[in-house]
Structures are given as C-alpha cells and as structure tokens.
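Worksheet: one structure, shown below.
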Amino acid sequence: MSEGINFSDGLGRCIVMVGLPYPNTQSPELKEKMAFLNKHVVSYTDNHVCHSKVNHGLSHTLPGPDGRPPGSVFFENLCFKAVNQSIGRAIRHRNDYASILLLDHRYNRPSSISALPEWISKHVRQCEKFGPAFGLIRKIIAWPNDDIDTSCIITFCSQ
1 MSEGINFSDG LGRCIVMVGL PYPNTQSPEL KEKMAFLNKH VVSYTDNHVC
51 HSKVNHGLSH TLPGPDGRPP GSVFFENLCF KAVNQSIGRA IRHRNDYASI
101 LLLDHRYNRP SSISALPEWI SKHVRQCEKF GPAFGLIRKI IAWPNDDIDT
151 SCIITFCSQ
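UniProt numbering puts the first residue of the sequence shown at 1, with every later residue one more than the last.
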C-alpha cells in the first residue's frame with residue numbers, strides 16, 4: 001500500500017491481508033543488516049535490552065531472548081511492521097472500525113498474535129471456515145447500529 005493514503009471512517013471498512021508481507025530475503029541491504037545484527041549483538045538482559053559490541057543506536061531495538069538470532073528477529077519485525085501499518089490505514093482513530101481478515105494459517109501462531117498491538121490482538125477471532133468469518137464481518141459492518149462491544153474484531157482464517 002502506498003505511503004500517505006488514509007482510509008478513515010467510511011472510506012475503509014475491510015482490510016484483507018493474504019499471506020505475510022515478508023521482505024525480499026535476497027535484498028543485499030537486508031542480508032547485510034541481518035548479518036550485522038547477528039555479528040554485533042552479543043547478549044540480552046532480563047529487561048529485554050540487547051548489548052552490542054559497537055554502539056550504532058541498536059542497544060534498545062530488539063526484543064528479549066527467544067532463541068532466535070537478532071537478524072531473524074529484525075526480519076520478522078519488518079513483516080509485522082507492514083501488517084500493522086496496513087491495518088492502521090483503515091483504523092485511524094479510537095471510534096473508527098473495520099473488519100480485518102488475515103488470511104494465512106501462520107497468523108494463528110502465538111508469536112504472530114503477540115506481534116500485533118494489544119488493541120488488535122485482544123479482539124482476535126479465529127475461524128477455519130468461511131461461514132463463521134462472514135457472520136463476524138456482517139456484525140462489524142452493522143456495528144454502529146448493533147450491540148457489539150468492540151470497535152475492532154479480527155478474523156483469522158486458517159488454511
């Protein structure tokens with residue numbers, strides 16, 4: 001999606017993300033950044049701060065230890081930054097709402113759900129079939145006139 005497009009209020013009531021928008025793994029810039037992080041980030045502390053052999057402004061950018069190399073964490077973060085930015089194109093303020101369909105079984109992973117902001121992840125509804133997902137979408141569309149208690153319901157559809 002292009003930068004600067006704003007679909008607030010009635011301009012955007014449904015977001016459909018098919019797959020996960022991972023960056024190109026063959027990009028020379030991405031390869032170098034991941035290699036740099038893997039080489040220079042040497043340890044994590046319990047308060048989720050990474051320590052670097054050199055100070056390049058990286059000392060507070062990575063999450064706590066989860067067994068993955070720092071370059072992999074960076075790669076995953078780039079993907080979910082794009083997901084979050086796409087969702088933010090339609091939901092622009094507190095009273096805005098949209099149905100959000102994340103169509104890929106990988107969104108069902110706990111690590112994927114935790115990569116979403118809390119205001120999104122707490123409204124996750126997982127659907128394996130079209131019927132229940134469609135029913136939720138209808139409720140969201142009717143939300144201002146219905147008795148739904150939330151401004152955002154997320155529907156995950158698995159493969």
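Just so it is clear, CB atoms sit at the ideal spot from N, CA and C, and this is done for glycine as well.
(message) So the candidates are E76, G12 and G67; which of them puts its Cα closest to the Cα of M34?
(response) The residue given as residue 34 occupies position 34 in the sequence shown. Among E76, G12 and G67, the Cα nearest to that of M34 is on E76.
(request) Quick one: grab the DSSP three-state call for residue 163. (result) The displayed coordinates of the chain run from 1 to 159. Any statement about residue 163 would go beyond what the structure contains.
(message) Taking contact to mean 3 or more Cβ pairs, one atom from each stretch, closer than 8 Å, check whether the region 104 to 117 and the region 21 to 28 are in contact.
(response) no
(request) Compare the C-alpha of C14 against each of P117, D96 and G131 and name the closest. (result) Looking up residue 14 in the sequence shown gives position 14. Here the closest residue by C-alpha is D96.
(request) On the DSSP bridge assignment, give the partners of I15 in chain order. (result) Walking along the sequence shown from the start, residue 15 turns up at place 15. Note: I15 sits in a beta bridge opposite I100.
(request) Locate the alpha helix (DSSP H) running through Q85, then write down its first and last residues. (result) As a working mapping, residue 85 is identified with position 85 in the sequence shown. Start and end: P70 to A90.
(request) Please name the residue, chosen from G71, F80 and A98, that lies closest to P142 on a Cα-to-Cα basis. (result) Against the sequence shown, residue 142 aligns to sequence position 142. Here residue 142 is Ala; the residue named in the question, Pro, does not match the sequence. Closest by alpha carbon: A98.
(message) Within 10 Å of its beta-carbon, does G71 have 16 or more other beta-carbons around it, so buried, or fewer, so exposed?
(response) Taking the first residue of the sequence shown as 1, we reach residue 71 at position 71. By the neighbour-count rule (16 or more Cβ atoms within 10 Å), G71 is buried.
(request) Go through its chain and collect everything with a Cβ distance to N47's Cβ below 7 Å, but skip five positions before and after it. (result) Start at 1 with the first residue of the sequence shown, and residue 47 comes out as number 47. Because N47 carries a pLDDT of 47, less than 50, the predicted location of this residue cannot be relied on, and no value is offered for it.
(request) Can you grab the Cα-Cα spacing for the pair K122 / V41, in whole Å? (result) For the purposes of this step, residue 122 is taken as residue 122 along the sequence shown, with counting starting at 1. For the purposes of this step, residue 41 is taken as residue 41 along the sequence shown, with counting starting at 1. When rounded, the distance between both Cα atoms is 32 Å.
(request) Note down, in chain order, each residue of its chain lying with its Cβ closer than 6 Å to the Cβ of A90, except the 5 sequence neighbours on either side. (result) Position 90 of the sequence shown, counting from 1, holds the residue named residue 90. Taken in chain order, the residues that qualify are F7, G12, I15 and A98.
(message) Let's see if you can read the secondary structure: which residues bound the alpha helix (DSSP H) around P28?
(response) Stepping through the sequence shown from its first residue, residue 28 is reached at position 28. From DSSP, the alpha helix (DSSP H) with P28 extends over P28 to H40.
(request) Specify, as a first and last residue, the run of the alpha helix (DSSP H) that G67 falls within. (result) Indexing the sequence shown from 1 puts residue 67 at position 67. Looking at the DSSP string, G67 is not in any alpha helix (DSSP H), and its letter there is neither H nor E.
(message) Would L116 and V18 qualify as a contact pair, given that the criterion is a beta-carbon distance under 8 Å?
(response) For this step, residue 116 is matched to residue 116 along the sequence shown. For this step, residue 18 is matched to residue 18 along the sequence shown. In this structure, V18 does not lie closer than 8 Å to L116 by Cβ.
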